[in-house]
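Right, one structure below, let's go through it.
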């Protein structure tokens, strides 16, 4: 069985075509690899740890028993340790199966109040539905995606914001889903979006720069086709009664994955005293630049991390993912000197065809007038 898995995975890795990119077959290959070998690695670590213990204990016993004429050295492996190892290995095995069958479409609506002392009065209670990282090329279940669209519409928020990665790489990945995403209702204050790192076609080998440029144009046009206003390093005033806030949208800026965003250009004409909501795909932008920016960006909305699609979250108690070792802000709400960032866990999935512990997210943020609270 292991030989067949090794052969299958190796075969698909060998056949991977960077002109095509991720497909459902490559997703399945990654899922199969993790499903078979992650439990084996965990079991091996337990057994290896037991062997180290047995070797150490055997060495001590060998010298002691030699004096008594007993030459035994390495004792037999303790059965209960092997059973513990098998039990631990079963956890990722079952979790990965769950993630690939149920978890990847287990959409969660997360509601978050955020308080600001300088929020204009008319926007007290203003609601934002925030989605990110659609990755339409990974979808394989229209019924589940339609369910998620219904969940978004049910929130009846004042504005709908999407923070990038509409595809994995190619514009045509979204074509089968255009009608589905056109079902997203337009709230009273509109639908706005930005680009993510995957929207630039940087992870494929193209036959020509002209082909890559054409794909980028087509990806940008997808936003129009599903009724979103794509913001490319620009800002717009959102007016309600006699008050207004400023929505800023930048192109992707990432510490690790390319930087096209220009916060200075995007905030041109915006004053320090304006209340601002920034859409920036990669949370490293906030950590490196935005949180200390001279324009005083009160709220930033990001995505990108997916929480690695694997982690442990116990709301209000504990939150862990490998993602936290790459990003200081990787899921949920963070604050620095009264400036906030919310990192959405992502709508879709990429690379691993599932989600374990970190579920796909639809965020509803309510802006509240008042002192900053946890």
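Residue numbers (the numbering used here): -11 to 362.
Here a beta-carbon is modelled for each residue, glycine too, at the ideal position from N, C-alpha and C.
In angstroms with no decimal places, state the Cα-to-Cα distance between residue i and residue j.
i	j	result
residue 335	residue 121	6 Å
residue 211	residue 201	16 Å
residue 105	residue 327	11 Å
residue 297	residue 356	30 Å
residue 16	residue 154	21 Å
residue 362	residue 323	In this prediction, residue 362 scores a pLDDT of 45, lower than 50, which makes its location untrustworthy; the coordinate-derived value is nonetheless stated afterwards. Each residue's alpha carbon lies about 9 Å from the other.
residue 2	residue 265	45 Å
residue 101	residue 353	6 Å
residue 258	residue 279	16 Å
residue 227	residue 13	47 Å
residue 333	residue 119	9 Å
residue 113	residue 321	18 Å
residue 338	residue 109	40 Å
residue 365	residue 314	The question about residue 365 has no answer here: the residues shown for the chain are numbered -11 through 362.
residue -3	residue 18	8 Å
residue 128	residue 213	21 Å
residue 103	residue 358	5 Å
residue 71	residue 86	22 Å
residue 194	residue 4	14 Å
residue 93	residue 346	11 Å
residue 316	residue -9	40 Å
residue 198	residue 107	45 Å
residue 32	residue 78	13 Å
residue 84	residue 99	27 Å
residue 240	residue 288	13 Å
residue 20	residue -7	8 Å
residue 215	residue 132	21 Å
residue -1	residue 253	47 Å
residue 27	residue 74	8 Å
residue 325	residue 11	43 Å
Give me the residue from the options with the minimum Cα distance to residue i.
i	options	result
residue 116	148, 130 and 94	148
residue 186	248, 256 and 96	248
residue 157	137, 174 and 126	126
residue 238	135, 325 and 274	274
residue 261	313, 232, 150 and 138	232
residue 208	162, 144 and 85	162
residue 141	182, 225 and 97	97
residue 9	316, 277, 339 and 192	192
residue 144	174, 197 and 245	174
residue 267	251, 5 and 85	251
residue 135	171, 111 and 189	171
residue 130	32, 195 and 167	167
residue 255	236, 245 and 27	236
residue -5	5, 11 and 24	24
residue 286	351, 330 and 4	330
residue 206	188, 288 and 241	188
residue 246	292, -1, 215 and 253	292
residue 6	190, 288, 74 and 215	190
residue 225	215, 178, 351 and -7	178
residue 294	325, 350, 241 and 74	350
When burial is assigned at 16 or more other CB atoms within 10 Å of the CB, is residue i buried or exposed?
i	result
residue 82	exposed
residue 80	buried
residue 111	buried
residue 169	buried
residue 40	exposed
residue 59	Bear in mind that the predicted position of residue 59 carries a pLDDT of just 49, short of 50, making it unreliable; the figure below should be weighed with that in mind. Exposed is the call here.
Give a yes or no on whether the C-beta atoms belonging to residue i and residue j are separated by under 7 Å.
i	j	result
residue 30	residue 76	yes
residue 311	residue 318	yes
residue 300	residue 308	yes
residue 138	residue 176	no
residue 223	residue 234	yes
residue 343	residue 91	yes
residue 151	residue 269	yes
residue 290	residue 243	no
residue 95	residue 341	no
residue 263	residue 217	no
residue 277	residue 219	no
residue 165	residue 196	no
residue 159	residue 203	yes
Hey, is residue i's beta-carbon within less than 7 Å of any beta-carbon in chain B?
i	result
residue -2	Annotation note: the requested chain B is absent from the structure, which comprises a single protein chain.
Length at least 4, wholly inside the region 188 to 246: the alpha helix (DSSP H) runs in chain order: Counting only runs that start and end inside the region 188 to 246, the alpha helix (DSSP H) elements of at least 4 residues fall at 197 to 213.
Start-end ranges of the alpha helix (DSSP H) lying completely within the region 143 to 197, minimum 4 residues: For the region 143 to 197, whole alpha helix (DSSP H) runs of length 4 or above, ordered along the chain, are 166 to 169.
Give, in chain order, every unbroken run of the beta strand (DSSP E) that is at least 3 residues long and sits entirely within the region 80 to 153. The qualifying runs are 96 to 104, 115 to 119 and 147 to 150.
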